[in-house]
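Notes for the one structure printed next.
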Amino acid sequence: MKYEEQERKIYAKYDDKTIRVYQAYNDKIADEAIKLGTFGEHFSLTRMTWIKPSFLWMMYRCGWAEKENQERVLAIDIKREAFDEIVKNSVISSYKPNLGITEDEWKEEVKNSLVRCQWDPERDIYGKPIGRRSIQLGIRGEAVEKYVNEWIVKITDITDEVKRIKQSIDNGTFKENLLPEEKEYII
């Protein structure tokens, strides 16, 4: 199946008030975030930070909490209206002629946008693409400040759970119900 044909829907764990996104960090940033309930001085407000609502895409990205500086996986519940705002204000990260604007106009939008949207191949438990796309959103500037200071409701360190799931995959005892239940999210 070609890239253009792959399904692009947001699947996430959410309730009436919050939606869960995932990020992976080193111990210093993760410990501080758990202690504060948001990110602290070791987290950079000046860099783009990427949030991912797909658990398995995050596991692929951080190598099940084994990649350097991604040894701790955080489940971050943010306000749904904040997530919706992030998506609505995003600019797609790569130009395609069907966007309805010129490449120069797109470049200008990317330069001025606080939010970047990227659709990457969704993965299975082994890291193999499954034929649909998973959203990740890069935020910077004022959007990162709002994320840290206003939008985060709760941060949970799920590293131990991640390692248990990975161990079950490795030893052949994995069951689908070990994964968070993600359902289609409509903006």
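Quick note: the sequence shown uses numbering that gives the first Met the number 0, first residue 0, plus one each step. Glycine residues also receive a C-beta, built at the ideal position from the N, C-alpha and C atoms.
{"Query": "Looking at the unbroken beta strand (DSSP E) that takes in E183, where does it start and where does it end?", "Result": "182-184"}
{"Query": "In terms of residues, what are the limits of the beta strand (DSSP E) holding S167?", "Result": "Note, S167: premise wrong, no beta strand (DSSP E); alpha helix (DSSP H) at 158-169."}
{"Query": "For a test of the three-state rule: what should DSSP assign to D15, helix, strand or coil?", "Result": "coil"}
{"Query": "State buried or exposed for S43, treating a residue as buried only when at least 16 other CB atoms are found within 10 Å of its CB.", "Result": "exposed"}
{"Query": "Relative to the alpha-carbon of F82, which residue among D159, M57, Y10 has its alpha-carbon at the smallest distance?", "Result": "Y10"}
{"Query": "Among residues of its own chain, excluding the 5 on either side of H41, which ones have a beta-carbon nearer than 8 Å to its beta-carbon?", "Result": "K27, I28, E31"}
{"Query": "Find out if the Cβ-Cβ distance for the pair E121, L55 is shorter than 8 Å.", "Result": "yes"}
{"Query": "Could you check which residue in D15, S92, W63, K153 has the C-alpha nearest to that of W49?", "Result": "S92"}
{"Query": "Taking C-beta to C-beta, are S133 and V114 nearer than 8 Å?", "Result": "no"}
{"Query": "Does DSSP classify Q136 as helix, strand or coil?", "Result": "At residue 136 the sequence reads Leu, which differs from the Gln that was named. If DSSP states are grouped into helix, strand and coil, L136 belongs with the strands."}
{"Query": "Return the CA-CA distance between T45 and R139, expressed in angstroms with no decimal places.", "Result": "7 Å"}
{"Query": "Going by C-alpha distance, which of Q69, D15, Y184 is nearest K78?", "Result": "D15"}
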